[in-house]
Amino acid sequence: MERTVLHSDCNCFYASVEMLHHPETRNVPMAVGGDPEARHGIVLTANYIAKRMGVKTGMALWQARQVCPQIVFISPHYDQYIRFSRYAREIYSSFTDQQEPFGLDECWMDVTESTSIKGDGLKIAEEISSRIKKELGITVSIGVSWNKIFAKLGSDYKKPDAITVFTQENFRKLIWPLPAGDLFYVGRATQRKLGKLGIFTIGDIAESDPEILHSHLGKVGYVLYSYANGWNDDPVCKEGYEAPVKSVGNSCTTPRDLTTDLDVRIIQQALAESVSARLRENGFLCRTVEISVRTNGLVWFSRQKKLPRPTNVTDEITKAAWELFRASYRWEAPIRSLGIRGTDLVSGQMPVQLDLFTNEQQRDKKKRMDRAVDEIRRRFGYYAVQRAFVYEDKALMKLDAKKDHTIHPAGYFHSAM
Amino acid sequence: MKVYVEVLVRYTAEGTVVPISFMWEDGRRYQIERVKNVQRCASRKAGGCGIMYTCIVQGKETHLYFEDDSAGRWFLERKAS
Chain C
1185 MERTVLHSDC
1195 NCFYASVEML
1205 HHPETRNVPM
1215 AVGGDPEARH
1225 GIVLTANYIA
1235 KRMGVKTGMA
1245 LWQARQVCPQ
1255 IVFISPHYDQ
1265 YIRFSRYARE
1275 IYSSFTDQQE
1285 PFGLDECWMD
1295 VTESTSIKGD
1305 GLKIAEEISS
1315 RIKKELGITV
1325 SIGVSWNKIF
1335 AKLGSDYKKP
1345 DAITVFTQEN
1355 FRKLIWPLPA
1365 GDLFYVGRAT
1375 QRKLGKLGIF
1385 TIGDIAESDP
1395 EILHSHLGKV
1405 GYVLYSYANG
1415 WNDDPVCKEG
1425 YEAPVKSVGN
1435 SCTTPRDLTT
1445 DLDVRIIQQA
1455 LAESVSARLR
1465 ENGFLCRTVE
1475 ISVRTNGLVW
1485 FSRQKKLPRP
1495 TNVTDEITKA
1505 AWELFRASYR
1515 WEAPIRSLGI
1525 RGTDLVSGQM
1535 PVQLDLFTNE
1545 QQRDKKKRMD
1555 RAVDEIRRRF
1565 GYYAVQRAFV
1575 YEDKALMKLD
1585 AKKDHTIHPA
1595 GYFHSAM
Chain P
363 MKVYVEVLVR
373 YTAEGTVVPI
383 SFMWEDGRRY
393 QIERVKNVQR
403 CASRKAGGCG
413 IMYTCIVQGK
423 ETHLYFEDDS
433 AGRWFLERKA
443 S
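Shown next, in the form of structure tokens:
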């Protein structure tokens, strides 16, 4: 039996939630963006009025103000977005338990089993759309199709507050003339490569020779070929399914440019504390530490090193990060942002081979100290206990990396590719 | 406009929440005669979203919202700003 797959996408999600709460911003150009004072200066989402004036997601706040001088900025409220996302999923779950979120604002649903009771895909989409409008006060665009790829394409096809149905009968007429870049997983680079082959529309991909695609794009070539033809039977994951955690990382744009080793140590300390605390919270040890550096010229690089033994001890992660930094950066330019990531994770329960030269007693002491710090922070807040050297610069100190960490959708392929 | 109000609430043995009365911004306390309906609803007028209690107050229908976020406050819609 053919499946009925829906993809629901909340229109300008962050901006819509803010517009609901701030009625005065509904009729003016508005963008949700990081705190310009703390220099997290990009537009996360803009409302439709601002978008019409040329404001795009990812623009720096000053650029947005250049194209649209009267724009109003609102700092993001992630707790509200998580709350609204949860409400939306509660509504979805009255139709199916097969729902797979993609970030906070998008979700696939397989409603095949509900169609006999609740009506066909279009009817279910209409009901979801009207319930979200009434109960959450925001709008969604929904795509209905027999596979996840076309369902997602459908939710992008018409916005805002729209429903698009792609069937076996109409998809050649409606989808194939669309530019290749609209297809899931065709980014700018792939689009450029396809353009060189004379492939400009989704239809061109569908009618091309898969072997040629493969030879130019690698295995993604086959994947795109089948996507364009609607041959996709990836299941919509069950509710509560979460991709296995592959790494724990934090990064931040610093309140001011970093120019000295001490600056970097202060920020790395905060990041390492956050990463190691999150590793401990989730019962992981990491075997590799990776750092990333972005200079004020926006040159970006990352370096990683394997640790002699798996760890979630704050001191060991800080030390590894610092060594990596010293070995890879010669202060060619001031630094704008830093990141630390623990990867190559193993379970915290895993037995560990001891060796003769490590002072296990001291290591155990450090672990107990970490636990004590975690507990103090849990009870009295992040700033209740800090390293003394962090006080060298009070402006940089105002960074609770763990609380501020951002939310990213997991990759679509999980670990299949 | 959104007006946060003080609400007196009764919890039944089953855990159901029944609002009894609320204090309006002029300091007067209003008795809720009856709760007609309870559902999740957004209020575009007030600018918020929560669980809407459709109440009868002095014979008239009033919407009292419980905003179920971390603060957990109650609000009413004020007619004009």
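Chains C and P, in that order, give the protein sequences.
Whatever position you read off the first sequence (first residue = 1), add 1184 for my numbering.
Whatever position you read off the second sequence (first residue = 1), add 362 for my numbering.
Note that beta-carbon positions come from the ideal geometry of N, C-alpha and C, so glycine has one too.
Since the structure is predicted, the reported quantities are computational estimates derived from the model, not experimental observations.
CB contact below 7 Å: residue i versus chain C
{"i": "arginine 402 of chain P", "result": "yes"}
{"i": "arginine 406 of chain P", "result": "yes"}
{"i": "glycine 446 of chain P", "result": "With chain P covering only 363 through 443, there is no way to say anything about residue 446 of chain P."}
{"i": "aspartate 431 of chain P", "result": "yes"}
Span of the beta strand (DSSP E), counted from its first residue to its last, around residue i
{"i": "alanine 1504 of chain C", "result": "From DSSP, alanine 1504 of chain C is part of no beta strand (DSSP E) but of the alpha helix (DSSP H) over 1498-1512."}
{"i": "phenylalanine 1468 of chain C", "result": "1468-1479"}
{"i": "aspartate 1577 of chain C", "result": "Taken as a continuous stretch (DSSP letters only), aspartate 1577 of chain C belongs to no beta strand (DSSP E), as it is neither H nor E."}
{"i": "isoleucine 1258 of chain C", "result": "1256-1258"}
{"i": "histidine 1191 of chain C", "result": "1189-1194"}
As assigned by DSSP and simplified to three states, the class of residue i
{"i": "histidine 1592 of chain C", "result": "Any reading at histidine 1592 of chain C is ruled out, since the residue's pLDDT is 47, under 50, leaving its predicted position unreliable."}
{"i": "glutamate 423 of chain P", "result": "strand"}
{"i": "glutamate 376 of chain P", "result": "coil"}
{"i": "tryptophan 1246 of chain C", "result": "helix"}
{"i": "valine 1239 of chain C", "result": "coil"}
{"i": "methionine 363 of chain P", "result": "coil"}
{"i": "glutamate 1559 of chain C", "result": "helix"}
{"i": "valine 1351 of chain C", "result": "At residue 1351 of chain C the sequence reads threonine, which differs from the valine that was named. Looking at threonine 1351 of chain C - three-state DSSP - the assignment turns out to be coil, as it is neither helix nor strand."}
{"i": "serine 1329 of chain C", "result": "strand"}
{"i": "isoleucine 1316 of chain C", "result": "helix"}
{"i": "aspartate 1340 of chain C", "result": "helix"}
{"i": "proline 1253 of chain C", "result": "coil"}
{"i": "glutamine 1660 of chain C", "result": "Outside the shown range of chain C, which is 1185 to 1601, sits residue 1660 of chain C, and nothing can be said about it."}
{"i": "leucine 1358 of chain C", "result": "helix"}
{"i": "lysine 1430 of chain C", "result": "coil"}
{"i": "aspartate 1441 of chain C", "result": "strand"}
{"i": "lysine 441 of chain P", "result": "coil"}
{"i": "serine 1599 of chain C", "result": "Any reading at serine 1599 of chain C must be qualified, since the residue scores a pLDDT of 41, below 50, and its modelled position is unreliable; no value is offered."}
Beta-carbon contacts of residue i that lie in its chain and below 7 Å, excluding the five residues immediately before and after
{"i": "valine 1557 of chain C", "result": "Val1569"}
{"i": "methionine 1243 of chain C", "result": "Ile1226 and Val1227"}
{"i": "lysine 1336 of chain C", "result": "His1191, Gly1327 and Phe1368"}
{"i": "asparagine 1416 of chain C", "result": "Asn1331, Lys1332, Ile1333 and Ser1410"}
{"i": "glutamate 395 of chain P", "result": "Ile418 and Val419"}
{"i": "methionine 1237 of chain C", "result": "Pro1213, Val1251 and Cys1252"}
{"i": "threonine 1502 of chain C", "result": "Gln1452, Gln1453 and Ala1456"}
{"i": "proline 1361 of chain C", "result": "Thr1385 and Gly1387"}
{"i": "threonine 1495 of chain C", "result": "Leu1469, Cys1470 and Ile1501"}
{"i": "alanine 1504 of chain C", "result": "Val1473, Lys1489 and Leu1491"}
{"i": "glutamate 1310 of chain C", "result": "Ile1347"}
Sequence-distant residues of its chain with Cβ nearer than 6 Å to residue i (five each side left out)
{"i": "tryptophan 436 of chain P", "result": "Val367, Val369 and Phe428"}
{"i": "leucine 1204 of chain C", "result": "Gly1321"}
{"i": "aspartate 1289 of chain C", "result": "Cys1194 and Phe1197"}
{"i": "glutamate 1202 of chain C", "result": "Val1216 and Ile1258"}
{"i": "aspartate 1263 of chain C", "result": "none"}
{"i": "valine 1349 of chain C", "result": "Leu1306 and Val1328"}
{"i": "arginine 1210 of chain C", "result": "Met1203"}
Short CB-CB distance (under 7 Å) between residue i and chain P
{"i": "proline 1492 of chain C", "result": "no"}
{"i": "leucine 1204 of chain C", "result": "yes"}
{"i": "proline 1207 of chain C", "result": "yes"}
{"i": "isoleucine 1591 of chain C", "result": "With a pLDDT of 46 at isoleucine 1591 of chain C, under the threshold of 50, the modelled position of that residue is not reliable, and no figure is offered here."}
Terminal residues of the alpha helix (DSSP H) in which residue i lies
{"i": "serine 1410 of chain C", "result": "1403-1412"}
{"i": "isoleucine 1450 of chain C", "result": "1445-1465"}
{"i": "glycine 1379 of chain C", "result": "1372-1380"}
{"i": "threonine 1299 of chain C", "result": "1299-1302"}
{"i": "leucine 1482 of chain C", "result": "Leucine 1482 of chain C -> no alpha helix (DSSP H), and no H or E assigned at all."}
{"i": "aspartate 1528 of chain C", "result": "Run containing aspartate 1528 of chain C: none in the alpha helix (DSSP H); it sits in the beta strand (DSSP E), 1519-1531."}
{"i": "aspartate 1219 of chain C", "result": "Where aspartate 1219 of chain C is concerned, there is no enclosing alpha helix (DSSP H), given that its DSSP letter is neither H nor E."}
{"i": "glycine 1387 of chain C", "result": "1386-1390"}
{"i": "methionine 1293 of chain C", "result": "Not the alpha helix (DSSP H): methionine 1293 of chain C falls in the beta strand (DSSP E), residues 1290-1294."}
{"i": "arginine 1273 of chain C", "result": "1262-1276"}
Sequence-distant residues of the same chain with beta carbon closer than 8 Å to residue i, five excluded per side
{"i": "isoleucine 1451 of chain C", "result": "Cys1436, Thr1438, Leu1442, Leu1522, Leu1580 and Leu1583"}
{"i": "alanine 408 of chain P", "result": "Met363, Lys364, Val365, Tyr427, Phe437, Leu438, Glu439 and Arg440"}
{"i": "isoleucine 1560 of chain C", "result": "Ala1568 and Val1569"}
Residue i Cβ short of 6 Å to the ligand ZN heavy atom set
{"i": "cysteine 1252 of chain C", "result": "As far as ligands go, the structure on display features none, and thus does not contain the ligand ZN."}
Contact residues within the segment 1249-1279 of chain C, judged by C-beta distance below 8 Å to chain P: For the segment 1249-1279 of chain C, the beta-carbon criterion of a distance under 8 Å to any beta-carbon of chain P is satisfied by Asp1263, Gln1264, Arg1267, Phe1268 and Tyr1271.
Residues from the segment 1300-1334 of chain C in contact with chain P, defined by Cβ distance under 7 Å: Flagged, chain order: Lys1318, Glu1319, Leu1320 and Gly1321.
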